[in-house]
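Participant: The number in our numbering is simply the position in the sequence shown, starting from 1, with 16 added. Below are the structure tokens for one structure; questions will follow.
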Amino acid sequence: MERFDFDNISLECLLRRCGHEPVFEKGDSVWYLSPFRDEKRPSFQVRGNVFTDWGTPDVKGGVLDFCSRLWNIPRSNTREIFQRLDDFMGANPIVTSPLRPTESRVEKEKSEKVIASYPLNNPVLMNYLLSRGVDPIIAQKYTSVLVYLSPDRTKKLFGVGFANRSGGYELRSQYAKRSFAPKDISILPSSNCETKAAVVFEGFIDALSYLSQKMRNRESVNFDCVVLNGIGLARQAIDVLKKYEHVFGLLDNDVPGTTATEQLASALPNFVDSRKWLGAFNDVNEKIVDMLSLSQVIDPPPKESKKLGRGL
């Protein structure tokens, strides 16, 4: 990505990464619920990579203006905004070419429909999850292989699929990160049916690597996992979380994660922000991968002994 070239960044991709999905499309505009406040009717318009927030007078602009407002960084500080974008997206680029004018969003979504799902037995995907700290037993319990068509409908692609409660999927692989509608949260119930606690995660890799670490340490799991599948879905999780006596939040250590954490804390009197456990790490998975790397350094596998040959 060319440095500070905000024109090559898709605002729609950025909104999706924040967990905001389109409510409807009208003409060449896409409408969302505003990321900046609670509302029931969409007033946030995106047209040609430019947004207009009709619920707030004179709030409009491009990706730079959106990020400036989202993260409360002065617009003139492009270097900090660009760095925040890089940190926010991680290894998942948001540089994209806009859709051709003749290709509608509906046509694109149809072309990306999941065409098959089957149990996780693909060694490439298993190795990918292992690299992210997810144990094969946990992976096979909660994920599957998804097969879907490329946008031009010329190739069958596959990735790790994670289902949500509404029948949609999150998909991850070494090369892809995407969602298949409908977008919703996921709930992973504990084997203890009497549990009264829940832990909230931002993404499913966070949740599965956390459960894997518990299993490796032979620790009991006396809580349900609630996975937001996007930071913008925090509001949708509130009604579910109200039934628990104890709710612990392990969202990301960044501005959107803090915003969602504050949102949950204000709605749930029994909510505890547990991100102190992350330390300097940005998210749960990053910490667990580091823990695994450190354990391998401290306790390396035994080496075979070698017999010394007769002297030189």
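No residue lacks a Cβ here, since even glycine has one placed at the ideal position from N, Cα and C. Quick caveat: nothing in here was measured; it's all calculated off a predicted structure.
DSSP three-state label for V150, please.
Facilitator: In the sequence shown, counting from the first residue as 1, residue 150 sits at position 134. Three-state DSSP puts V150 in coil, outside helix and strand.
Participant: Measure how close the beta-carbons of L141 and V176 come, nearest whole angstrom, since I'm counting them as under 8 Å.
Facilitator: The count along the sequence shown starts at 1 and reaches residue 141 at position 125. The count along the sequence shown starts at 1 and reaches residue 176 at position 160. Contact annotation, L141 with V176: C-beta distance approximately 5 Å; criterion of less than 8 Å satisfied.
Participant: Taking buried to mean at least 16 other C-beta atoms within 10 Å of its own C-beta, is D240 buried or exposed?
Facilitator: Numbered from its first residue, the sequence shown carries residue 240 at position 224. So D240 ends up on the buried side.
Participant: I'd like the span of the beta strand (DSSP E) that includes I221, first residue to last.
Facilitator: In the sequence shown, counting from the first residue as 1, residue 221 sits at position 205. Looking at the DSSP string, I221 is not in any beta strand (DSSP E); the run it does join, the alpha helix (DSSP H), is 220-232.
Participant: Would DSSP call D103 helix, strand or coil?
Facilitator: In the sequence shown, the residue the question calls residue 103 occupies position 87. Three-state result, D103: helix.
Participant: Quick check on A214: does DSSP put it in helix, strand or coil?
Facilitator: Numbered from its first residue, the sequence shown carries residue 214 at position 198. Strand.
Participant: So I304 and S236 are in contact, right, with Cβ under 8 Å, and what is the actual spacing, rounded?
Facilitator: The residue labelled residue 304 in the question sits at position 288 within the sequence shown. The residue labelled residue 236 in the question sits at position 220 within the sequence shown. About 18 Å separates the two Cβ atoms, so there is no contact after all.
Participant: For the region 244-255 against the region 206-222, are there 3 or more C-beta pairs whose distance is under 8 Å?
Facilitator: With the rule of 3 Cβ pairs closer than 8 Å, the region 244-255 counts as touching the region 206-222.
Participant: Report whether the distance from the Cβ of R33 to the nearest heavy atom of the ligand SAH is below 7 Å.
Facilitator: Although the ligand SAH was asked about, the structure shown includes no ligands whatsoever.
Participant: Output needed for S113: all residues of its chain with C-beta closer than 8 Å, excluding positions within five of it in sequence on either side, in chain order.
Facilitator: Taking the first residue of the sequence shown as position 1, residue 113 is located at position 97. Residue placement at S113 is flagged as unreliable, the pLDDT there being 38, under the threshold of 50; the coordinate-derived value follows with that caveat. No residues qualify anywhere along the chain.
Participant: With C-beta atoms as the reference, is I203 less than 8 Å away from V263?
Facilitator: As a first step, residue 203 is located in the sequence shown; it is residue number 187 there, counting from the start. As a first step, residue 263 is located in the sequence shown; it is residue number 247 there, counting from the start. No.
Participant: Check this for me: beta carbons of Q252 and I201, under 8 Å apart or not?
Facilitator: Translated into the one-based positions of the sequence shown, residue 252 becomes position 236. Translated into the one-based positions of the sequence shown, residue 201 becomes position 185. Result yes, Cβ atoms of Q252 and I201 sit closer than 8 Å.
Participant: Buried or exposed: where does L310 fall if 16 or more other Cβ atoms within 10 Å of its Cβ makes it buried?
Facilitator: For the purposes of this step, residue 310 is identified with residue 294 of the sequence shown, where counting begins at 1. Under this definition L310 is an exposed residue.
Participant: Threshold first: 3 residues or longer. Then list the beta strand (DSSP E) segments lying entirely within the region 256-293, N to C.
Facilitator: 262-266, 287-289
Participant: What residues in its chain sit with their C-beta under 8 Å from that of W70, if we drop five residues either side in the sequence?
Facilitator: Here residue 70 corresponds to residue number 54 of the sequence shown, with the count starting at 1. Only S59, F60, Q61 meet the Cβ criterion.
Participant: So what's G248 in DSSP terms, helix, strand or just coil?
Facilitator: As a first step, residue 248 must be located in the sequence shown, where it is residue number 232. Reduced to three states, the DSSP call for G248 is helix.
Participant: Kindly indicate which three-state DSSP category E41 falls into: helix, strand or coil?
Facilitator: Within the sequence shown, numbered from 1, the residue matching residue 41 stands at position 25. In this structure, E41 counts as strand in the three-state DSSP scheme.
Participant: Under 8 Å, do K172 and L165 count as touching if we go by C-beta distance?
Facilitator: What you label residue 172 is simply residue 156 of the sequence shown in a count that begins at 1. What you label residue 165 is simply residue 149 of the sequence shown in a count that begins at 1. Cβ atoms of K172 and L165: closer than 8 Å.
Participant: For the beta strand (DSSP E) that contains S195, what are its first and last residues?
Facilitator: For the purposes of this step, residue 195 is identified with residue 179 of the sequence shown, where counting begins at 1. Note, S195: beta strand (DSSP E), 193-196.
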